[in-house]
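Visitor: The letter at position 28 of the sequence shown is residue 451 when you use this note's numbering, and the numbering goes up by one with no holes. Glycine residues also receive a C-beta, built at the ideal position from the N, C-alpha and C atoms.
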Amino acid sequence: MHMHDVSASDDRSVPPGAWAASAVAPAPLSSPTDLERVIWGLELRYLLTTLLIESGRPTPLDELVERIHAEGFLLPGRPGKVVSDALRWDVRRGRVVRLDRGVHRVGTVPRQTKSRITHRVRDMRQRVAQAARLAA
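(1) What is the DSSP secondary structure of LEU557, counted as helix, strand or coil?
(2) I'd like the list of long-range same chain contacts for ARG490, defined as Cβ closer than 7 Å, with 5 residues on each side in sequence excluded.
(3) For LEU484, I'd like the list of residues in its chain whose CB is within less than 7 Å of its CB, leaving aside the five on either flank, ordered along the chain.
(4) Apart from the five residues on each side of it in sequence, which residues of its chain come closer than 6 Å, Cβ to Cβ, to VAL529?
(5) Could you tell me which uninterrupted alpha helix (DSSP H) segments, each at least 4 residues in length, are contained entirely in the stretch 484-533, listed from first to last along the chain?
(6) Return the residue from the list VAL551, ALA552, LEU522 and ASP513 that minimises the CA-CA distance to PRO533.
(7) Out of ARG516, ALA559 and ARG548, point me to the one whose CA is closest to ILE462's CA.
(8) Taking its Cβ as the centre, do 16 or more other Cβ atoms sit within 10 Å of THR531, making it buried, or is it exposed?
(9) Can you grab the Cα-Cα spacing for the pair GLU494 / ALA555, in whole Å?
(10) With a CB to CB cut of under 6 Å and the five nearest residues on each side skipped, what residues in its chain are close to ARG518?
(11) How close, in whole Å, do the beta carbons of LEU465 and PHE496 come, if the pair is a contact with beta carbons under 8 Å?
(12) Mind checking ARG460: buried by the 16 CB within 10 Å criterion, or exposed?
(13) Anyone know if the C-beta pair for HIS527 and PRO481 falls short of 9 Å?
(14) Just to confirm, is the Cβ distance from ARG468 to ALA509 under 9 Å?
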């Protein structure tokens, strides 16, 4: 299967294009509730910003990936790359500061933005907790 030939594994278990650039497709998700746990885009950026705020210290990329998985979320594609790409977006906006390769800390987050992010992440965490209860 070529990396752009999705007909053999087109189960809509990941967002369109999430792994198109990768030579290896992610493992298929085991249940419909798994799809509710997949996080990308704006929700991933909000969760990462929240994790950095909660950490209060410089945090390595692999620790962020571990914390995302520990909260019950799933990442499409290569987790480290997905997180790194998402952080790059917020680095450009100053919400996240890159200290070294793979190490970031929270930057300047306006109060209203922080409030919006906090509410959204709370809702996401509740959604994932509910999906976990349904799966059990």
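Guide: By the coordinates alone:
(1) Taking the sequence shown and counting its residues from 1, one reaches residue 557 at position 134. For LEU557, the secondary structure class from DSSP, reduced to helix, strand or coil, is helix.
(2) Sequence index remark: in the sequence shown, residue 490 carries index 67 (1-based). Closer than 7 Å at the Cβ level, and outside the excluded window around ARG490, lie LEU474.
(3) Numbered from its first residue, the sequence shown carries residue 484 at position 61. Excluding positions up to five away in sequence, the list reads GLY503, VAL506, SER507 and GLY525.
(4) Along the sequence shown, one-based indexing puts residue 529 at 106. The residues are LEU475 and ILE476.
(5) 484-493 and 502-516
(6) Reading the sequence shown from its first residue, position 110 is the one you call residue 533. Closest option to PRO533, Cα to Cα, is ASP513.
(7) In the sequence shown, the residue the question calls residue 462 occupies position 39. Checking every option, the nearest Cα to that of ILE462 belongs to ARG548.
(8) Counting from 1 along the sequence shown, the entry for residue 531 is found at position 108. THR531 comes out exposed.
(9) Walking along the sequence shown from the start, residue 494 turns up at place 71. Walking along the sequence shown from the start, residue 555 turns up at place 132. Distance from the CA of GLU494 to the CA of ALA555, rounded to the nearest whole angstrom, comes to 10 Å.
(10) Reading the sequence shown from its first residue, position 95 is the one you call residue 518. These residues qualify, in order along the chain: THR472, GLY530 and VAL532.
(11) Counting from 1 along the sequence shown, the entry for residue 465 is found at position 42. Counting from 1 along the sequence shown, the entry for residue 496 is found at position 73. Actually they are not in contact, since the Cβ atoms of LEU465 and PHE496 sit about 14 Å apart, beyond 8 Å.
(12) To locate residue 460, count along the sequence shown from 1; it is residue 37. Buried.
(13) The residue you call residue 527 lines up with position 104 of the sequence shown. The residue you call residue 481 lines up with position 58 of the sequence shown. Taking 9 Å as the Cβ cut-off, HIS527 and PRO481 qualify as a contacting pair.
(14) Taking the sequence shown and counting its residues from 1, one reaches residue 468 at position 45. Taking the sequence shown and counting its residues from 1, one reaches residue 509 at position 86. In contact: ARG468 and ALA509 (Cβ atoms closer than 9 Å).
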